[in-house]
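Visitor: Per the working numbering, residue 68 is the first one in the sequence shown, and the count goes up by one each step.
In this text, a Cβ means the ideal position worked out from N, Cα and C, and glycines have one as well.
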Amino acid sequence: FHNALLVGAGILIAMSSLLVYDMAKPPPQRLTQRDINAAVARALASATPKPSYASRAYEIIRPSLVRIEALVSKTEAKTEVGLGSGVVLDDSGTILSSLHVVRDAVELRVVFADGTESAAQVIASQPENDLAVLRPNIIPDDLLPATLTSSDTLHVGDEVVAVGNPFGISNSLSAGVVSGLARRYRSPKTGETLTNLIQFDAAVNP
Numbered sequence: 068f069h070n071a072l073l074v075g076a077g078i079l080i081a082m083s084s085l086l087v088y089d090m091a092k093p094p095p096q097r098l099t100q101r102d103i104n105a106a107v108a109r110a111l112a113s114a115t116p117k118p119s120y121a122s123r124a125y126e127i128i129r130p131s132l133v134r135i136e137a138l139v140s141k142t143e144a145k146t147e148v149g150l151g152s153g154v155v156l157d158d159s160g161t162i163l164s165s166l167h168v169v170r171d172a173v174e175l176r177v178v179f180a181d182g183t184e185s186a187a188q189v190i191a192s193q194p195e196n197d198l199a200v201l202r203p204n205i206i207p208d209d210l211l212p213a214t215l216t217s218s219d220t221l222h223v224g225d226e227v228v229a230v231g232n233p234f235g236i237s238n239s240l241s242a243g244v245v246s247g248l249a250r251r252y253r254s255p256k257t258g259e260t261l262t263n264l265i266q267f268d269a270a271v272n273p
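1. Quick check on the DSSP output: the alpha helix (DSSP H) that includes VAL169 runs from which residue to which?
2. Are the CB atoms of GLY231 and LEU132 nearer to each other than 9 angstroms?
3. My parser needs the alpha helix (DSSP H) runs of 4 or more residues fully inside the stretch 146-195; what are they?
4. Distance, Cα to Cα, SER185 vs VAL107?
5. Rounded to whole angstroms, what is the Cα-Cα separation between GLU226 and HIS167?
6. Leaving out the 5 sequence neighbours to the left and right, which residues in its chain are closer than 6 angstroms to ASN204 when beta-carbon positions are compared?
7. When we look at the beta-carbon of VAL244 and count the other beta-carbons within 10 Å, is it buried (16 or more) or exposed?
8. How would you label SER305, buried or exposed, when you count the other beta carbons within 10 angstroms and need 16 or more for buried?
9. Since GLY247 sits in a beta bridge, which residues does DSSP pair it with?
10. Considering only DSSP beta bridges, list what GLU226 is partnered with.
11. What does the alpha-carbon distance come out to for the pair VAL216 and GLY153?
12. Tell me the DSSP bridge mates of VAL133?
13. Assign VAL173 to buried or exposed, taking buried as 16 or more other Cβ atoms, counted over all protein chains shown, within 10 Å of its Cβ.
14. Is it the case that the Cβ atoms of LEU240 and TYR120 are separated by a distance below 9 angstroms?
15. Among the candidates ALA229, LEU138, ALA180, whose CA atom is the shortest distance from the CA of GLN266?
16. Apply the 10 Å Cβ neighbour rule to ALA137 and answer buried if 16 or more other Cβ atoms are within range, or exposed otherwise.
17. Cα-Cα, which of ILE135, ARG251, PRO130, ARG101 is closest to ALA199?
18. From the DSSP output, in three-state form, read off GLY235 for me.
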């Protein structure tokens with residue numbers, strides 16, 4: 068009986084303590100819509116959004132881009148220059164570009180990402196793929212080649228970023244998706260058929 072009395076007294080004391088605490092604590096604060104809006108604004112301001120896929124790809128490839136100036140003809144009345152883009156393939160400055168950019172050039176000049184300018188020559192070409200390989204006379208000290216991978220890893224719907232110098236506007240980017248693979252195209256201008264092309268919908272200089 069004595070033990071039971073002690074247990075009962077303990078329970079009574081605990082309940083009394085909880086009652087006193089509940090009566091003494093301040094009433095809960097009611098949140099207004101202004102409080103909620105302020106909390107949301109603070110959370111959004113503190114959140115740092117991740118850079119987009121396109122912006123990350125651009126920053127990676129930009130140091131490897133080259134602007135190509137192709138002197139097609141020069142007379143007393145007119146100088147005709149074609150403009151295009153290329154990408155650095157290795158530490159020796161080898162540049163991959165489109166053959167249609169340099170095909171009719173009598174003189175080639177390339178401008179690297181750091182502003183270094185150099186004359187260049189075509190050392191190889193693949194008309195069936197519209198590809199040309201250029202070798203510059205001068206290369207920058209801090210040249211950064213691009214990292215290439217196999218097109219076999221591509222799938223329709225993959226994201227595409229097209230970076231270059233359309234119409235001579237340097238460091239431009241557009242984005243889209245892979246629309247098709249292994250496409251064929253017959254050029255109405257040259258009559259040549261290009262094969263195994265990657266079709267994509269990112270806007271580029273035609």
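Guide: From the atom records:
1. If you number the sequence shown from 1, residue 169 lands on position 102. Note, VAL169: alpha helix (DSSP H), 166-169.
2. As a first step, residue 231 must be located in the sequence shown, where it is residue number 164. As a first step, residue 132 must be located in the sequence shown, where it is residue number 65. It is a contact, given that the beta carbons lie within the stated cut-off.
3. 166-169
4. As a position in the sequence shown, residue 185 is number 118, starting the count at 1. As a position in the sequence shown, residue 107 is number 40, starting the count at 1. So the alpha carbons of these two residues sit roughly 54 angstroms apart.
5. As a position in the sequence shown, residue 226 is number 159, starting the count at 1. As a position in the sequence shown, residue 167 is number 100, starting the count at 1. About 26 angstroms.
6. Counted from its first residue, the sequence shown places residue 204 at position 137. Answer for ASN204: SER185, ALA186, listed in chain order.
7. Numbered from 1 along the sequence shown, position 177 holds the residue referred to as residue 244. Classification of VAL244: exposed, given that the 10 Å Cβ count is below 16.
8. Residue coverage of the chain in this structure runs from 68 to 273, which leaves residue 305 outside it and unanswerable.
9. Position 180 of the sequence shown, counting from 1, holds the residue named residue 247. DSSP lists GLN266 as partners of GLY247.
10. Start at 1 with the first residue of the sequence shown, and residue 226 comes out as number 159. VAL244, per the DSSP bridge assignment.
11. Taking the sequence shown and counting its residues from 1, one reaches residue 216 at position 149. Taking the sequence shown and counting its residues from 1, one reaches residue 153 at position 86. Here residue 216 turns out to be Thr, not Val, going by the sequence shown. When rounded, the distance between both Cα atoms is 17 angstroms.
12. The sequence position of residue 133 within the sequence shown is 66, counting from 1. GLY153, PHE179.
13. By one-based count along the sequence shown, residue 173 stands at place 106. When all chains shown are included, VAL173 counts as exposed.
14. Sequence index remark: in the sequence shown, residue 240 carries index 173 (1-based). Sequence index remark: in the sequence shown, residue 120 carries index 53 (1-based). Against a cut-off of 9 angstroms, the Cβ pair of TYR120 and LEU240 comes out as no contact.
15. Counted from its first residue, the sequence shown places residue 266 at position 199. Cα-wise, what sits closest to GLN266 is ALA229.
16. As a position in the sequence shown, residue 137 is number 70, starting the count at 1. It counts as buried.
17. By one-based count along the sequence shown, residue 199 stands at place 132. The candidate whose alpha carbon is nearest that of ALA199 is ILE135.
18. Counted from its first residue, the sequence shown places residue 235 at position 168. Reduced to three states, the DSSP call for GLY235 is helix.
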